[in-house]
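Take 34 as the starting number for the sequence shown in the working numbering and just add one per residue.
All C-beta atoms in this analysis are idealised placements derived from N, C-alpha and C, irrespective of residue type, glycine included.
Notes follow the structure.
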Amino acid sequence: MEVHARRVGVTGPHGPLLEPTSLLVPPGELVLVAGDPGAGHTALALVLSGRMRPGTGEVSPTAAELRRRVVPVDSPGVDEPEPALPLAAVVGEELALNGAPSGRKAVADWLVERGADRHLGTRFERVPAQVRCSLLLELAAGRPDARVLVLDSPDRYHGDPAGWLDLARARVTPELSVVVLCTTASAALLDVPAARIGADNVTEEAR
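In structure tokens form, the structure reads like this:
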């Protein structure tokens, strides 16, 4: 599935939340998008997933198709798990959304299979960053119709950009793309190509 944002921008009550941004997410690729803090990472995640209507520009496919196919992951203030919940409760909720068994034993077995059962009763905010990021990406990828994951600002809790980049890259398949929204500082540390929030990132050939 290809997602194409054309100069999408969002304005809030107190000014711009997202400066016009153009972005192409091809099928089966990892796309890194960088912006300074406050540049509108979560607004872009919501626009790309059809959960927010842009004030300017447009995004394709349709909003309904985006809501079905594009899954925001750990967006602050949106679908970020409640910090005080134990990991078991977070996993149970996500498994239920995926239509998978989500009872106490099913959750425990799921965590055992991933070597994370020692964190079963740990408050989510205290789960190690690598474990948190890995589990949330896997759970999001388990949505039956998922074709694009949008991981929102993992660098706000994950101190190693290479760690979350490896986790995101591992989720990419021919049928599943992953977009990671990060800070410009993280992108500079990674020294890999990155699109920019507030810029036209689409080549003439791809228009």
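The segment 171-183 makes contact with the segment 198-218; the number of CB pairs closer than 8 Å reaches 3 or more. Between the alpha carbons of arginine 176 and arginine 102 lies a distance of about 9 Å. Residue pairing from DSSP leaves valine 225 without any beta-bridge partner. Approximately 6 Å separates the beta-carbon atoms of glycine 42 and glutamate 52; this is inside 8 Å, confirming the contact.
Secondary structure note for valine 140: its alpha helix (DSSP H) is the uninterrupted segment 137-146. For aspartate 150, the CB contacts under 6 Å within the same chain, skipping 5 residues up- and downstream, are Leu144 in chain order. Arginine 40 is positioned such that its CB atom lies no closer than 8 Å to that of glycine 71. With fewer than 16 neighbouring CB atoms inside 10 Å of its own CB, arginine 100 falls in the exposed class. Beta-bridge partners of serine 93 (DSSP): His37.
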